[in-house]
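For reference, the structure discussed in these notes is given below.
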Amino acid sequence: MSENDLSLFAHLLRRAGFGARRDELEAYAAKGYEAVVEELLHPELRPPIEEDILHRYNGWDQGSGMAPAWLYRMINTERPLEEKVALFWHHVFATGTAKAEHPHTNMAQIEMFRHDGFSDMKTILVGLSRDPAMIHWLDNNENHKDEPNENYGRELLELFSMGVGHYTETDIKMAGRAFTGWTFEQPIPLYTTGLYPVNFEYNEDDHDDSVKTFLGQEGRFNGEDIIDIIVNQPATAAFISRHMYNFFVADEPQVPSWDTEPPQDPNAIEMLSKAYFDSDGEIRPMLRVLFNSDFFKEARFKKVKNPAELVTGVIKLVGTDRWPTPGFARYASATTVMGQMLMNPPTVEGWHTGSEWINGGTLNERVNFAVNQVADATKPGVGEIVDHLASQDGHVSPGQFVDTCLDLVGSLVVSAATRDGLMEYANAAGEVSFGTEAEREESTAHVVRMLQLIVATREYQFA
Amino acid sequence: MSRPYGLFRVGFPYVKTIGMRRVTNQSMDVAIGKDGTVYILGRAGAISRLSWEDDNLENVCGPGKDDGKFVWPVAMVIDREENLWVTDESLNRITVVNTDGEFVRKWGEPGEENGQLNGPSGIAFDSEENVYIADALNHRIQKFTNDGEFMFSWGSPGNSEGEFNMPWGITVDELGDVYVADWRNDRIQKFNARGEFISTLGRSGSSKGEFSRPAGVEVDSDGDVYVADTGNNRVQQFSAEGRYVDQFIGDATMSKQSVAYLMSNARVLRLREMTDLEPLKRLRNPRSIRFDDQGRMYIPDFGSFRVQVYKKEVIPLERGEIDVPLRAPTLLTV
Numbered sequence: 001m002s003e004n005d006l007s008l009f010a011h012l013l014r015r016a017g018f019g020a021r022r023d024e025l026e027a028y029a030a031k032g033y034e035a036v037v038e039e040l041l042h043p044e045l046r047p048p049i050e051e052d053i054l055h056r057y058n059g060w061d062q063g064s065g066m067a068p069a070w071l072y073r074m075i076n077t078e079r080p081l082e083e084k085v086a087l088f089w090h091h092v093f094a095t096g097t098a099k100a101e102h103p104h105t106n107m108a109q110i111e112m113f114r115h116d117g118f119s120d121m122k123t124i125l126v127g128l129s130r131d132p133a134m135i136h137w138l139d140n141n142e143n144h145k146d147e148p149n150e151n152y153g154r155e156l157l158e159l160f161s162m163g164v165g166h167y168t169e170t171d172i173k174m175a176g177r178a179f180t181g182w183t184f185e186q187p188i189p190l191y192t193t194g195l196y197p198v199n200f201e202y203n204e205d206d207h208d209d210s211v212k213t214f215l216g217q218e219g220r221f222n223g224e225d226i227i228d229i230i231v232n233q234p235a236t237a238a239f240i241s242r243h244m245y246n247f248f249v250a251d252e253p254q255v256p257s258w259d260t261e262p263p264q265d266p267n268a269i270e271m272l273s274k275a276y277f278d279s280d281g282e283i284r285p286m287l288r289v290l291f292n293s294d295f296f297k298e299a300r301f302k303k304v305k306n307p308a309e310l311v312t313g314v315i316k317l318v319g320t321d322r323w324p325t326p327g328f329a330r331y332a333s334a335t336t337v338m339g340q341m342l343m344n345p346p347t348v349e350g351w352h353t354g355s356e357w358i359n360g361g362t363l364n365e366r367v368n369f370a371v372n373q374v375a376d377a378t379k380p381g382v383g384e385i386v387d388h389l390a391s392q393d394g395h396v397s398p399g400q401f402v403d404t405c406l407d408l409v410g411s412l413v414v415s416a417a418t419r420d421g422l423m424e425y426a427n428a429a430g431e432v433s434f435g436t437e438a439e440r441e442e443s444t445a446h447v448v449r450m451l452q453l454i455v456a457t458r459e460y461q462f463a
Numbered sequence: 464m465s466r467p468y469g470l471f472r473v474g475f476p477y478v479k480t481i482g483m484r485r486v487t488n489q490s491m492d493v494a495i496g497k498d499g500t501v502y503i504l505g506r507a508g509a510i511s512r513l514s515w516e517d518d519n520l521e522n523v524c525g526p527g528k529d530d531g532k533f534v535w536p537v538a539m540v541i542d543r544e545e546n547l548w549v550t551d552e553s554l555n556r557i558t559v560v561n562t563d564g565e566f567v568r569k570w571g572e573p574g575e576e577n578g579q580l581n582g583p584s585g586i587a588f589d590s591e592e593n594v595y596i597a598d599a600l601n602h603r604i605q606k607f608t609n610d611g612e613f614m615f616s617w618g619s620p621g622n623s624e625g626e627f628n629m630p631w632g633i634t635v636d637e638l639g640d641v642y643v644a645d646w647r648n649d650r651i652q653k654f655n656a657r658g659e660f661i662s663t664l665g666r667s668g669s670s671k672g673e674f675s676r677p678a679g680v681e682v683d684s685d686g687d688v689y690v691a692d693t694g695n696n697r698v699q700q701f702s703a704e705g706r707y708v709d710q711f712i713g714d715a716t717m718s719k720q721s722v723a724y725l726m727s728n729a730r731v732l733r734l735r736e737m738t739d740l741e742p743l744k745r746l747r748n749p750r751s752i753r754f755d756d757q758g759r760m761y762i763p764d765f766g767s768f769r770v771q772v773y774k775k776e777v778i779p780l781e782r783g784e785i786d787v788p789l790r791a792p793t794l795l796t797v
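So the sequences go chain by chain: A and B.
With my numbering applied, the first sequence covers 1 to 463.
With my numbering applied, the second sequence covers 464 to 797.
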């Protein structure tokens, strides 16, 4: 197995998951690339997260615990792509808790993404339209037959399916009217016994059953009819394909500019759109095409890690937090100060991604978080890196030292200037040896310092 | 105290609900003082003190690692001196505080050697106030003196007799037998005071006598066994012989504090008028059961931030007042 192969698997697992340790990469590589892609595409083949353990230790289904619970899943899931797909849809269908402060519904929405995220676009959009968190977020509970509210209809077209430029204001109004009566049952209020699940409710008496004209078609359309029309539009295939490319392959400009800025790789969007129509809008076949494509394999480090990816990737690297702990909320706080409060996006448009994740403040937080995490040599992942180096005949040259550490943090590719900087430290440290206890202690300190330098590089900010 | 020959089970009515969100959040366990004060252990570290009338007598303790504070408290018992003993599965220690929350002492350290703890969960006294601890992540039960000196332990990981998978609740009956909620094995195991296996109750499922992650177990003075069947949102009752008797799924009404709170919240009152209130009655993930000396059963209703109370009504029967046990069921009409 060549190092290049491991590098490809590291790339795949960063994008289709949240990173992987060296031993995991070697196990994946032994199966072959396409087989691993298939395994990732079928999370049902792997055991789910142990919900009873989560529930026993955390009561994380209440309030502020939802983001820590999700991060726990990202770090510990054996179904990494399932969790990544949920995060993908959360980026696309950005729904926040700030408006309703009813976290149960937001957690239920994420669970829907887990469950339906690989299915077809119709199932996903119908589920989204029936989702109480979304209904409240975009006011569809206030969308009445005699007093329509077009907010959901607008965002369904603009942000969730077709994108600006492919529909008219009339289409928006018609879509809004088609979703009248799509609401939810009034839940039991928070006080004095906590939150309860919320159920979708279709109120036929409040539904506008009149004839509507939508995207050139006419009928007594209800919400599902509107979705049927939407999912058959080439614009929908292209829009979802571009979202997929932006999230899984390489950073695109921000979504609001997509009606004027063409995709950087039109052929990739075309391939994904074709997969969309070849499979009646199913997401799994699109992802299969994506992960097996050359454009994906060639896109290593062409995407700035979002904060959830950065935090979970670092924690997986250091190998801690494989079990619920009271302090898990600190990771949710970490992503928040890096600009991503999970389940609380800034607007319905979601987060601006790519280079916009980075500013003076967030870069500082990202680097400090990673540097602090790798500072402790007693952490299992750091210890494994030390052991790996120690297994190299006891003596490691400065060049080997740098290259091995870069490899073990995820086959990281760095610029010549960055490598020169790392070599400067390695040369100063001299040959790293592990023969005696004293040498091991000194060398371990060098390893920690080298890891700190690596996770502080520009390159480490990229996935 | 000896158990009655037989029982005439008259009823087991719901009595009342005490506590509410913000006062008794995530109620893990409950203890009842001699004066009737109800102490409710919250997952976030506070011990709420309520009167039987549901007056809030102020919370004590709270979150933290300092003496008298808790990070992940699990279970609580009250001793004869009215001190509260609390397990903390994060700090791996047992903390004793008085009823004003003042620190008395602590013991325990992390590890897997004798006397060390890894995720201490359930706690129970025997008649001499020696202490049994369900040492969850070491998959064993440990017995300590009242001073925290290790006495002996039993159990290992597994699902055979005498083995455990993350045991949680534990209790000791008046005969000295020990009952353990073998949480991840979905069963209750019964042992004698020396830790020798006696019997098993239950299996995985949601039917009568089946459990989904049982967290708490208690035995009343009649020998009836109660199981906080957490994942099935209920408490099940069994006879001393292990026969399924009844289940409690929750009958809550609004506590006095809740009524007072809601009477000043017009919006919440309106929302309640728009919704189905039936789920409000039900237990959500109960994690323990405790009795007071009047036969009242307290169920910490973890998911609904309160405690539901029932009252056992039973007439003890002597030999001759009830037929001898029958060997087989009968269709004889009597």
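Glycine included, C-beta positions come from ideal geometry on N, C-alpha and C.
Chain A within 7 Å of residue i, Cβ atoms only
i	result
B/M539	no
B/Y761	no
B/S667	no
B/R484	yes
B/I490	Note on identity: in this sequence residue 490 of chain B is Ser, with Ile being the wrong assignment. No, B/S490 does not count as interfacial toward chain A.
B/Y724	yes
Simplified DSSP state of residue i, which is helix, strand or coil
i	result
A/P285	helix
A/F18	coil
B/G482	coil
B/N561	strand
A/A463	coil
A/Y28	helix
A/V413	coil
A/H395	strand
Neighbourhood of residue i by C-beta, 6 Å cutoff - its chain only, sequence neighbours within 5 removed
i	result
B/Q605	I596, D598, S616
A/L138	N151, Y152, E155
B/G571	N555, R556, I557, L580
A/G350	H91, A94
Interface partners of residue i on chain B, CB under 8 Å
i	result
A/D464	This structure gives no information on residue 464 of chain A, because the portion of chain A shown stretches from 1 to 463.
A/P326	V534, W535, S553
Burial state of residue i, where buried means 16 or more other Cβ atoms lie within 10 Å
i	result
B/M726	exposed
B/Q757	exposed
B/R603	buried
A/V211	exposed
A/G65	buried
B/R543	exposed
A/K379	buried
B/I778	exposed
A/Q217	exposed
A/A390	buried
A/L451	buried
A/A543	Past the edges of chain A, shown from 1 to 463, lies residue 543 of chain A, and the structure says nothing about it.
Beta-carbon neighbours of residue i, restricted to chain B and to distances below 7 Å
i	result
A/P48	Ordered by position in chain B, no residue passes the 7 Å Cβ test against A/P48, which lies about 15 Å from the chain.
A/Y33	What A/Y33 touches in chain B: nothing, since even the nearest Cβ is about 37 Å away.
A/G194	R484, G766, S767, F768
Cross-chain neighbours of residue i in chain B, by beta carbon under 9 Å
i	result
A/I188	L734, R735, T738, D739, L740, P742, L743
Chain-ordered chain A contacts of residue i [CB-CB under 9 Å]
i	result
B/N728	P189, Y191
B/S721	Y191, T192, T193
Same chain only: Cβ atoms within 7 Å of residue i, ignoring 5 sequence neighbours per side
i	result
B/G686	R466, D636, A703
A/A235	M162, G163, H166
Interface flag, residue i vs chain E, CB-CB below 7 Å
i	result
B/Y773	Here chain E cannot be found, since the structure's protein chains are A and B.
Contacts of residue i in chain A (Cβ-Cβ under 7 Å)
i	result
B/V731	P189, Y191
Same chain only: Cβ atoms within 8 Å of residue i, ignoring 5 sequence neighbours per side
i	result
A/G117	E82, V85, A86, F88, W89, I124, I283
A/G176	N143, P148, N149, E150, N151, Y152, G153, R154
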